[in-house]
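Heads up: the protein sequence lines correspond to chains A and B, in order.
Each residue of the first sequence is one higher than the one before, starting from 2 at the first, in our numbering.
Each residue of the second sequence is one higher than the one before, starting from 2 at the first, in our numbering.
Heads up, the beta-carbon is just placed ideally off N, CA and C, and yes, glycines get one too.
All figures in this text were calculated on a predicted structure; none of them were measured in a lab.
Since the structure comes first, as structure tokens, the remarks are kept for the end.
There are 2 protein chains.
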Amino acid sequence: MVTITDVARAAGVSRSTASYAFSGRRTISTVVRDRVAAAAHDLGYTPNAGARALKTSRTHVIGLLAQFLPDEFAPAMLQYMLGVSDTARDLGYDILLAIDDDGVGALRRLTSSRMVDGVVLLNVAEDDPRLPALRAAHQPGALVGLPRDCRGVDVFDLDFAEAGRLMVDRLVRQGHREILLVSQSEDVVARGGAYVWRHQEGALERAARHGVQLTCVFGASAQPEIGHQLDRLLTDHPGVTALMLNNEAAAAALPGVLGGRGLRVPEDLSVVGRYSRELAETFALPFSAVESAPDVLGRMAVEQLVRRIERRGPDEPHTVRLVAPTLVDRGSIGPPPTP
Amino acid sequence: MVTITDVARAAGVSRSTASYAFSGRRTISTVVRDRVAAAAHDLGYTPNAGARALKTSRTHVIGLLAQFLPDEFAPAMLQYMLGVSDTARDLGYDILLAIDDDGVGALRRLTSSRMVDGVVLLNVAEDDPRLPALRAAHQPGALVGLPRDCRGVDVFDLDFAEAGRLMVDRLVRQGHREILLVSQSEDVVARGGAYVWRHQEGALERAARHGVQLTCVFGASAQPEIGHQLDRLLTDHPGVTALMLNNEAAAAALPGVLGGRGLRVPEDLSVVGRYSRELAETFALPFSAVESAPDVLGRMAVEQLVRRIERRGPDEPHTVRLVAPTLVDRGSIGPPPTP
DNA sequence: CTGAAAGCGCTTACAG
DNA sequence: CTGAAAGCGCTTACAG
Chain A
2 MVTITDVARA
12 AGVSRSTASY
22 AFSGRRTIST
32 VVRDRVAAAA
42 HDLGYTPNAG
52 ARALKTSRTH
62 VIGLLAQFLP
72 DEFAPAMLQY
82 MLGVSDTARD
92 LGYDILLAID
102 DDGVGALRRL
112 TSSRMVDGVV
122 LLNVAEDDPR
132 LPALRAAHQP
142 GALVGLPRDC
152 RGVDVFDLDF
162 AEAGRLMVDR
172 LVRQGHREIL
182 LVSQSEDVVA
192 RGGAYVWRHQ
202 EGALERAARH
212 GVQLTCVFGA
222 SAQPEIGHQL
232 DRLLTDHPGV
242 TALMLNNEAA
252 AAALPGVLGG
262 RGLRVPEDLS
272 VVGRYSRELA
282 ETFALPFSAV
292 ESAPDVLGRM
302 AVEQLVRRIE
312 RRGPDEPHTV
322 RLVAPTLVDR
332 GSIGPPPTP
Chain B
2 MVTITDVARA
12 AGVSRSTASY
22 AFSGRRTIST
32 VVRDRVAAAA
42 HDLGYTPNAG
52 ARALKTSRTH
62 VIGLLAQFLP
72 DEFAPAMLQY
82 MLGVSDTARD
92 LGYDILLAID
102 DDGVGALRRL
112 TSSRMVDGVV
122 LLNVAEDDPR
132 LPALRAAHQP
142 GALVGLPRDC
152 RGVDVFDLDF
162 AEAGRLMVDR
172 LVRQGHREIL
182 LVSQSEDVVA
192 RGGAYVWRHQ
202 EGALERAARH
212 GVQLTCVFGA
222 SAQPEIGHQL
232 DRLLTDHPGV
242 TALMLNNEAA
252 AAALPGVLGG
262 RGLRVPEDLS
272 VVGRYSRELA
282 ETFALPFSAV
292 ESAPDVLGRM
302 AVEQLVRRIE
312 RRGPDEPHTV
322 RLVAPTLVDR
332 GSIGPPPTP
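Here you go:
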């Protein structure tokens, strides 16, 4: 293994000079600098990350704590991971990926052994058990998902309440008076997946204001159950003219269900979902949808985390940023059918 | 930050004794051992990973080099990642995730800085540019995907040729004489995705032996193109009674296409795919399929990699393991319709 | 059964 | 503009 000592010897300088030549933290004559660079190149020198971390207390690694829960849609999780990973790389950080079932243990392991400079937590629940462990750690953390207590962490999430309002407003403006909202599974709510009820409350508030009927149900998260359930719901609610989906699995199952019932969108039924552009493309989801913006959220979380790790300027106060929802029109919202 | 020096002082022993008490690499009286353990617990001591790595030249981290290429199905990649990650954790390793576009650069960065003890390469192509970089590295590597040159690495992949044979045999046994195979995109082949033609060749060999007609096409990898393409293919090949899919996007699109044409499976058309059980569940894919076993392949790659990292026994020769395909029956293969 | 010391490969004050 | 030295937190020969 080639070390900085080898480079220094080859360049005929001391180790400290070689180190400064790389870091630029003090002025080095161009002659010497070039000699060091040439020696490093010839020998194929790369600094030892462990040694550097030991000395500087900085690893340039970010811990990514994801969870693949049985009642959530795995491909959607992947979107967040890619956003986080890409941004980290752009900023010079690598990603240590922890998807243990034991999220708290993973968080402790990474932080207490100083393997990471900070962590991003995905899929944060209302009372996420990882938060106390994060607050006890010496590294900063950024969350995707809104917990009850946001102290000491930076928080990023879609504004789900606003998304609920937006979806209802849009349907009502088209003339719909009887709407069905299929949210994610009740298990998600039970686990503290606050976004489900934040979205639902926003929707209910607007429905009440407009005086329209909004029926809310929790949908299954797995196939084929969710498909059967959607089919049953459409049978049980014949007056419904618009469907709101806050459930990726439901959006994936719906085209088959509609085909089976011979229903056209939007002539017979208007549909609006909540998922990312990327997911829409992968699964050819043909419905207008609120963009869930996983890439944006992942990017924002990492950018803020890195800012905090590198402490530019004085300690900023911690932030909570709810991203405003936008509706991507795919032509699935129209006026209700004339009876 | 609490160090082993703090623990040693609190326990009233030397640092070396504290270290040995943890590692068990020499006999320590139970009294002392307990005192050290208690002190460590009280102080909340965790060894500093960087310091340990510097001393031992072992990080207990595995690099996972994945690539999310536009013409491959991202959710399928995720399956491999989960298999790798779970197994690594079971064996006491963490995962450094690199999904750079520049796979060669990522590989060099992780290995030359000694951030990892070994690497797993996913999605390995026929002439994968990462392989020379891997051979130049000091760490061992395990591949998922079969390259032309397997020297110096351990290789794991599904036996795609056998999968092609298996699928044809099965359909022919049911009486099919005119079969259509939709493989992944030609771009995948151009990039050296050898599994596409290995599968196709296996299928063609068997079709020739049985004297049945097998039409091979490359399918688009994105929605909705692949759906339109399947529809057109069914129109253009009215005599086809069975469909083979080596293309996840095609499998995802097919139910919609069949619904649109009013075709029932297997009464009107037999279908056999190639994808994992997990994917079948997530997307409610109703077709019998050769299990692509991403979890098994990920597990085997990591187990072999760790064995090599930890050098149990003498240097074993490098291995190439092609996993035998198995067909998961979902009832989509029947006799051809009687004309 | 235990301790004092060396050293892993870096970076950075201290000194010139 | 450069060098010699200390030290980050560990592990492990060496010595008792």
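Q) How would you label E311 (chain A), buried or exposed, when you count the other beta carbons within 10 angstroms and need 16 or more for buried? A) Within the first sequence, the letter at position 310 stands for residue 311 (chain A). By the neighbour-count rule (16 or more Cβ atoms within 10 Å), E311 (chain A) is not buried but exposed.
Q | Neighbourhood of A19 (chain B) by C-beta distance below 7 angstroms, restricted to the same chain and skipping five residues each side | A | Here residue 19 (chain B) corresponds to residue number 18 of the second sequence, with the count starting at 1. Excluding residues up to 5 positions away in sequence, I5, V8, A9, A12 and V37 lie with their Cβ nearer than 7 angstroms to the Cβ of A19 (chain B) in the same chain.
Q. So which of A:A137, A:L144 and A:P337 has the shortest CA-CA distance to L244 (chain A)?
A. Within the first sequence, numbered from 1, the residue matching residue 244 (chain A) stands at position 243. Ranking A:A137, A:L144 and A:P337 by Cα distance to L244 (chain A) puts A:P337 first.
Q) Roughly how many angstroms lie between the CA atoms of H211 (chain A) and V173 (chain A), to the nearest whole one? A) What you label residue 211 (chain A) is simply residue 210 of the first sequence in a count that begins at 1. What you label residue 173 (chain A) is simply residue 172 of the first sequence in a count that begins at 1. Rounded to whole angstroms, H211 (chain A) and V173 (chain A) show a C-alpha spacing of 8 angstroms.
Q: Pull up the distance between the alpha-carbon of M78 (chain B) and that of G260 (chain A), whole angstroms please.
A: For this step, residue 78 (chain B) is matched to residue 77 along the second sequence. For this step, residue 260 (chain A) is matched to residue 259 along the first sequence. Taking the Cα positions, M78 (chain B) is about 30 angstroms away from G260 (chain A).
Q: Check whether the Cβ of A191 (chain A) lies closer than 7 angstroms to any Cβ atom in chain B.
A: To locate residue 191 (chain A), count along the first sequence from 1; it is residue 190. Taking Cβ atoms only, chain B never reaches closer than 7 angstroms to A191 (chain A), which makes this a no.
Q: Measure the CB-CB distance between I96 (chain B) and F69 (chain B) and report whether it falls below 7 angstroms.
A: Mapped onto the second sequence, residue 96 (chain B) falls at position 95. Mapped onto the second sequence, residue 69 (chain B) falls at position 68. Annotated as distal: I96 (chain B) and F69 (chain B), with beta-carbon spacing of 7 angstroms or more.
Q | Rounded straight-line distance, which links the Cα of L55 (chain B) to that of A52 (chain A) | A | Taking the first sequence and counting its residues from 1, one reaches residue 52 (chain A) at position 51. Taking the second sequence and counting its residues from 1, one reaches residue 55 (chain B) at position 54. When rounded, the distance between both Cα atoms is 6 angstroms.
Q | DSSP three-state assignment for D95 (chain B), whether helix, strand or coil | A | Position 94 of the second sequence, counted from the first residue, corresponds to residue 95 (chain B). D95 (chain B) falls in the strand class under three-state DSSP.
Q) Is DSSP giving A294 (chain A) helix, strand or coil here? A) Indexing the first sequence from 1 puts residue 294 (chain A) at position 293. For A294 (chain A), the three-state secondary structure derived from DSSP is coil.
Q.
In the DSSP assignment, the alpha helix (DSSP H) including I227 (chain B) goes from what residue to what residue?
A. In the second sequence, counting from the first residue as 1, residue 227 (chain B) sits at position 226. Looking at the DSSP string, the run of the alpha helix (DSSP H) that includes I227 (chain B) is E226 to D237.
Q) Within the 7 angstroms Cβ cut-off, does P256 (chain B) reach chain A? A) To locate residue 256 (chain B), count along the second sequence from 1; it is residue 255. Yes, because at least one Cβ of chain A sits closer than 7 angstroms to the Cβ of P256 (chain B).
Q: Select from the stretch 260-292 of chain A all residues with a C-beta closer than 9 angstroms to any C-beta belonging to chain B, and list them in chain order.
A: Here the close residues are G260, G261, E279, A281, E282, T283, F284, A285, L286 and P287.
Q | Identity of the residue in B:V156, B:V169, B:L235 and B:V197 nearest A302 (chain B) by Cα | A | In the second sequence, counting from the first residue as 1, residue 302 (chain B) sits at position 301. Among B:V156, B:V169, B:L235 and B:V197, the Cα nearest to that of A302 (chain B) is on B:V156.
Q: Return no unless some Cβ of chain B is closer than 7 angstroms to the Cβ of S114 (chain A).
A: As a first step, residue 114 (chain A) is located in the first sequence; it is residue number 113 there, counting from the start. Taking CB atoms only, S114 (chain A) has a neighbour in chain B less than 7 angstroms away.
(Q) Does E317 (chain A) come out as helix, strand or coil in the three-state DSSP assignment? (A) Against the first sequence, residue 317 (chain A) aligns to sequence position 316. Coil, per DSSP.
Q: Measure the alpha-carbon distance for L251 (chain B) versus Y21 (chain B) and round it to whole angstroms.
A: Here residue 251 (chain B) refers to the residue found at position 250 of the second sequence. Here residue 21 (chain B) refers to the residue found at position 20 of the second sequence. One point to set straight first is that residue 251 (chain B) is Ala, not Leu, in the sequence displayed. Going by the C-alpha atoms only, they are around 58 angstroms apart.
Q) I think T216 (chain A) touches L182 (chain A), with their Cβ atoms under 8 angstroms apart; what is that distance to the nearest whole Å? A) Start at 1 with the first residue of the first sequence, and residue 216 (chain A) comes out as number 215. Start at 1 with the first residue of the first sequence, and residue 182 (chain A) comes out as number 181. Yes, they are in contact, since the Cβ atoms of T216 (chain A) and L182 (chain A) sit about 7 angstroms apart, within 8 angstroms.
Q: Identify whether L306 (chain A) lies in helix, strand or coil by the three-state DSSP scheme.
A: For the purposes of this step, residue 306 (chain A) is taken as residue 305 along the first sequence, with counting starting at 1. Three-state DSSP puts L306 (chain A) in a helix.
Q) What residues in the stretch 197-223 of chain B bring their beta carbon closer than 8 angstroms to a beta carbon of chain A? A) Those would be A223, in chain order.
Q. Of the residues that make up the stretch 85-98 of chain A, which ones have a beta carbon closer than 9 angstroms to any beta carbon in chain B?
A. So the close ones are S86, D87, R90, D95, I96, L97 and L98.
**Q.** CA-to-CA distance, Y196 (chain A) to E206 (chain A), given in whole angstroms
**A.** Taking the first residue of the first sequence as 1, we reach residue 206 (chain A) at position 205. Taking the first residue of the first sequence as 1, we reach residue 196 (chain A) at position 195. Rounded to the nearest whole angstrom, the C-alpha separation of E206 (chain A) and Y196 (chain A) is 15 angstroms.
Q) Is the shortest distance between the beta-carbon of I100 (chain B) and the beta-carbons of chain A less than 7 angstroms? A) For this step, residue 100 (chain B) is matched to residue 99 along the second sequence. Chain A places a beta carbon closer than 7 angstroms to that of I100 (chain B), counting this residue as a contact.
Q) So, do the stretch 137-149 of chain B and the stretch 122-129 of chain B have three or more beta carbon pairs nearer to each other than 8 angstroms? A) Contact between the stretch 137-149 of chain B and the stretch 122-129 of chain B is present, because at least three Cβ pairs lie under 8 angstroms.
Q) In chain B, which residues lie less than 7 angstroms from F69 (chain A) when you measure between Cβ atoms? A) Walking along the first sequence from the start, residue 69 (chain A) turns up at place 68. Those within 7 angstroms of F69 (chain A) in chain B are L83.
Q: Taking A325 (chain B) as the reference, give the member of B:P295, B:V169, B:F284 and B:L159 with the closest Cα.
A: Locating residue 325 (chain B) in the second sequence gives position 324, where the first residue counts as 1. Comparing alpha carbon positions, the residue from B:P295, B:V169, B:F284 and B:L159 closest to A325 (chain B) is B:L159.
Q.
Give the list of continuous beta strand (DSSP E) stretches no shorter than 3 residues that lie fully inside the stretch 265-290 of chain B.
A. Whole beta strand (DSSP E) segments, 3+ residues: 271-275.
Q | DSSP-derived helix/strand/coil call for Q185 (chain B) | A | Your numbering for residue 185 (chain B) matches position 184 in the second sequence. Correct three-state label for Q185 (chain B): coil.
(Q) To be precise: take each residue of the stretch 304-328 of chain A, compare its Cβ to all Cβ atoms of chain B, and keep it if any distance is under 9 angstroms. Which residues remain? (A) Taking 9 angstroms as the Cβ-Cβ cut-off against chain B, none of the residues of the stretch 304-328 of chain A qualify.
Q | Contact belief for V3 (chain A) with G45 (chain A) at Cβ below 8 angstroms, rounded distance in angstroms | A | Taking the first sequence and counting its residues from 1, the one referred to as residue 3 (chain A) is at position 2. Taking the first sequence and counting its residues from 1, the one referred to as residue 45 (chain A) is at position 44. Confirmed, Cβ separation roughly 6 angstroms.
Q | Residue range of the unbroken alpha helix (DSSP H) whose run includes F23 (chain B) | A | In the second sequence, counting from the first residue as 1, residue 23 (chain B) sits at position 22. First-last of the alpha helix (DSSP H) with F23 (chain B): R16 to S24.
(Q) If contacts are defined as beta-carbon pairs under 8 angstroms, then L111 (chain B) and V105 (chain B) qualify, I think. What distance do you get, rounded to the angstrom? (A) The residue you call residue 111 (chain B) lines up with position 110 of the second sequence. The residue you call residue 105 (chain B) lines up with position 104 of the second sequence. The beta carbons of L111 (chain B) and V105 (chain B) sit about 11 angstroms from each other, so the pair does not count as a contact at 8 angstroms.
Q: Just tell me which of A:D237, A:G119, A:L298 and A:I334 has its CA closest to the CA of E274 (chain A).
A: In the first sequence, residue 274 (chain A) corresponds to position 273, counting from 1. The amino acid occupying residue 274 (chain A) in the given sequence is Gly; Glu does not appear at that position. Closest option to G274 (chain A), Cα to Cα, is A:I334.
Q | Proximal residues of chain B, C-beta to C-beta of L55 (chain A) below 9 angstroms | A | Against the first sequence, residue 55 (chain A) aligns to sequence position 54. In chain order: N49, G51, A52, A54 and L55.
Q. Going along chain B, which residues have a C-beta under 9 angstroms from G119 (chain A)?
A. Residue numbering aside, residue 119 (chain A) sits at position 118 when the first sequence is read from its first letter. Per Cβ cutoff of 9 angstroms: no residues; G119 (chain A) is ~15 angstroms from chain B at best.
**Q.** For Q175 (chain A), the nearest candidate out of A:E268, A:T236 and A:A107 (CA to CA)
**A.** Residue numbering aside, residue 175 (chain A) sits at position 174 when the first sequence is read from its first letter. Of the candidates A:E268, A:T236 and A:A107, the residue whose Cα lies closest to the Cα of Q175 (chain A) is A:E268.
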